[in-house]
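Visitor:
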Amino acid sequence: MVGELLHEIMSAIGMQAFNFNLHETSAKLKDFIDREKYFVFIAIGGNTSQMGFIALYESYALYAEGAFGTIAELFVRPGYRSQDIGQRLIEQAKLFGNSRGWKRLEVTTPPLPQFDRTLAFYEKEGFAITGGRKLKVAL
1 MVGELLHEIM
11 SAIGMQAFNF
21 NLHETSAKLK
31 DFIDREKYFV
41 FIAIGGNTSQ
51 MGFIALYESY
61 ALYAEGAFGT
71 IAELFVRPGY
81 RSQDIGQRLI
91 EQAKLFGNSR
101 GWKRLEVTTP
111 PLPQFDRTLA
121 FYEKEGFAIT
131 GGRKLKVAL
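The sequence shown begins at 1 in full-length UniProt numbering and counts up one residue at a time.
(1) Is the segment 66-76 close to the segment 28-37, with three or more CB pairs under 8 Å?
(2) Given that a residue counts as buried once 16 or more other Cβ atoms are within 10 Å of its Cβ, and exposed if not, what is Y57?
(3) So, helix, strand or coil for G79, using DSSP?
(4) Looking at the strands, I want to know which residues DSSP matches up with A43.
(5) Say the cut is 7 Å; is the CB of P111 nearer than that to a heavy atom of the ligand HEM?
(6) Quick one: using the 10 Å Cβ neighbour count with 16 as the cut-off for buried, is I13 buried or exposed?
(7) So the candidates are R133, R104 and F127; which of them puts its Cα closest to the Cα of P111?
(8) DSSP three-state label for I71, please.
Take a look at the structure:
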């Protein structure tokens, strides 16, 4: 599903922003989970179909008053959207975060018109815009 998510983002922005390799991504996922660096919850339908997922990681910062969670990816397959799957995944993330003593959850969405619906979804779920922009530099 990560490949589906990245493909959808690249289609929306019209550029090759990610390099996705299923084998490499699967190996990284296993390593992250084994080392408890990454936490994934999958929404599974009655017929055992995978409808979506949310992936989280733990961070620490003084501005956040300690440990907090970041939503790395959240994806609901198109055929299951608008059925509260995303909302239930967010609820699971909040429960998990509370169990780990996190003070907050953070998420970044691109500040592009193509992602206005995504932003509206997070705002509906209680997230607030805090300002700033996400920046990166390759190492």
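Ideal Cβ positions, reconstructed from N, Cα and C, are used throughout, including at glycine.
Guide: According to the structure shown:
(1) no
(2) Residue mapping note: residue 57 aligns to position 57 of the sequence shown, counting from 1. Exposed.
(3) Here residue 79 refers to the residue found at position 79 of the sequence shown. The answer is helix: DSSP assigns G79 an H, G or I state.
(4) As a first step, residue 43 is located in the sequence shown; it is residue number 43 there, counting from the start. Answer by DSSP bridge pairing, in chain order: G52.
(5) What this structure holds is no ligand at all, so the ligand HEM is not there to describe.
(6) One-based indexing of the sequence shown puts residue 13 at position 13. So I13 ends up on the exposed side.
(7) Here residue 111 is taken as the residue at index 111 of the sequence shown, counted from 1. It is R133 whose Cα lies nearest to the Cα of P111.
(8) Here residue 71 is taken as the residue at index 71 of the sequence shown, counted from 1. Looking at I71 - three-state DSSP - the assignment turns out to be strand.
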